[in-house]
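All remarks here apply to the structure that follows.
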Amino acid sequence: MSNVLVSRQFEAPNEAALLALAKQFAQHLSHPTVTHLRGELGAGKTTFTRGVLRGLGHQGAVKSPTYTLVEPYELAGWRLHHFDLYRLGDAEELEFMGIREYFAEDTINFIEWPQRGQGVLPDPDVVIDIAFSGEGRVVTMAALSNVGKQIVQRLC
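Quick note, the sequence shown lines up with residues 1282 to 1437 if you use the numbering used here.
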């Protein structure tokens, strides 16, 4: 990844720690943001998004959008879109679903498997890599914009 402004690594020894990190991430979302989530199947990409949603006050269920491609959430002042592009056949399919409408001034977007939408998706503010580490996870966050830099630098 070129153009990385700041990068930080976090240890999440269990699911509770991953959720706590995600809730902390949510506390620093104050601008429209695009976050790419990368990692193997089962690494915790949806769990991280669930933690962000909880951190923003969402009380309902949070399911993986594997079959629907996107799950929308209405939050106080924000629309959050959780994308899972794992089953996307071709990036051009995103154009048919009106992908550009999902990236507005009142949106926060989390995109799992972003490489499948390459060339169509907007550039991310933050890229989060979640990797297995024994029973836990290592979470690496890279900021690629000033908005992303503000978020990543503020995390403990």
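Ideal Cβ positions, reconstructed from N, Cα and C, are used throughout, including at glycine.
Values in this document were obtained by computation on a predicted structure and should not be read as measured data.
Which of the three DSSP states, helix, strand or coil, is assigned to N1284? Within the sequence shown, residue 1284 is the residue found at index 3, counting from 1. DSSP places N1284 in coil when its eight states are reduced to three.
What three-state label does DSSP hand Y1348 in the structure shown? For the purposes of this step, residue 1348 is taken as the residue at position 67 of the sequence shown. Three-state result, Y1348: coil.
Going by Cα to Cα distance, which pick from K1304, A1385, Q1396 and D1387 is closest to I1339? Here residue 1339 is taken as the residue at index 58 of the sequence shown, counted from 1. Per the sequence shown, residue 1339 should be read as His rather than Ile. Nearest to H1339 by C-alpha distance, out of K1304, A1385, Q1396 and D1387, is K1304.
If you draw a straight line from the C-alpha of D1410 to the C-alpha of T1347, how long is it? Counting from 1 along the sequence shown, the entry for residue 1410 is found at position 129. Counting from 1 along the sequence shown, the entry for residue 1347 is found at position 66. Going from the Cα of D1410 to the Cα of T1347 covers about 19 Å.
Which of the three DSSP states, helix, strand or coil, is assigned to V1315? As a position in the sequence shown, residue 1315 is number 34, starting the count at 1. DSSP places V1315 in strand when its eight states are reduced to three.
Coil, strand or helix - F1364 by DSSP: Numbered from 1 along the sequence shown, position 83 holds the residue referred to as residue 1364. Under the three-state reduction of DSSP, F1364 is assigned to strand.
Please state if the CB of T1388 and the CB of H1363 are separated by a distance shorter than 8 Å. Stepping through the sequence shown from its first residue, residue 1363 is reached at position 82. Stepping through the sequence shown from its first residue, residue 1388 is reached at position 107. No.
Any idea what DSSP makes of E1374, helix, strand or coil? Your numbering for residue 1374 matches position 93 in the sequence shown. Looking at E1374 - three-state DSSP - the assignment turns out to be helix.
In the DSSP assignment, find the beta strand (DSSP E) that holds F1384 and state where it starts and stops. Translated into positions along the sequence shown, residue 1384 becomes position 103. Taken as a continuous stretch (DSSP letters only), F1384 belongs to no beta strand (DSSP E), as it is neither H nor E.
Among L1310, A1301 and H1317, whose alpha-carbon lies nearest the alpha-carbon of Q1431? Indexing the sequence shown from 1 puts residue 1431 at position 150. Closest in C-alpha terms to Q1431, from the list L1310, A1301 and H1317, comes L1310.
Is it true that the CB of Q1308 sits closer than 8 Å to the CB of G1336? As a first step, residue 1336 is located in the sequence shown; it is residue number 55 there, counting from the start. As a first step, residue 1308 is located in the sequence shown; it is residue number 27 there, counting from the start. It is a contact, given that the beta carbons lie within the stated cut-off.
Closest by C-alpha distance to S1345, when choosing among P1353, T1327, V1407 and Y1354: Indexing the sequence shown from 1 puts residue 1345 at position 64. Checked all of P1353, T1327, V1407 and Y1354; the closest Cα to S1345 is T1327.
By DSSP, does G1417 sit in helix, in strand, or in coil? Position 136 of the sequence shown, counting from 1, holds the residue named residue 1417. Reduced to three states, the DSSP call for G1417 is strand.
Beta-carbon proximity list for W1394, same chain, < 6 Å, skipping 5 on both sides: Residue 1394 sits at position 113 when you count from the first residue of the sequence shown. Contacts found: L1366 and Y1367.
Helix, strand or coil for E1296, going by three-state DSSP, please let me know. Here residue 1296 is taken as the residue at index 15 of the sequence shown, counted from 1. Annotated three-state conformation of E1296 is helix, per DSSP.
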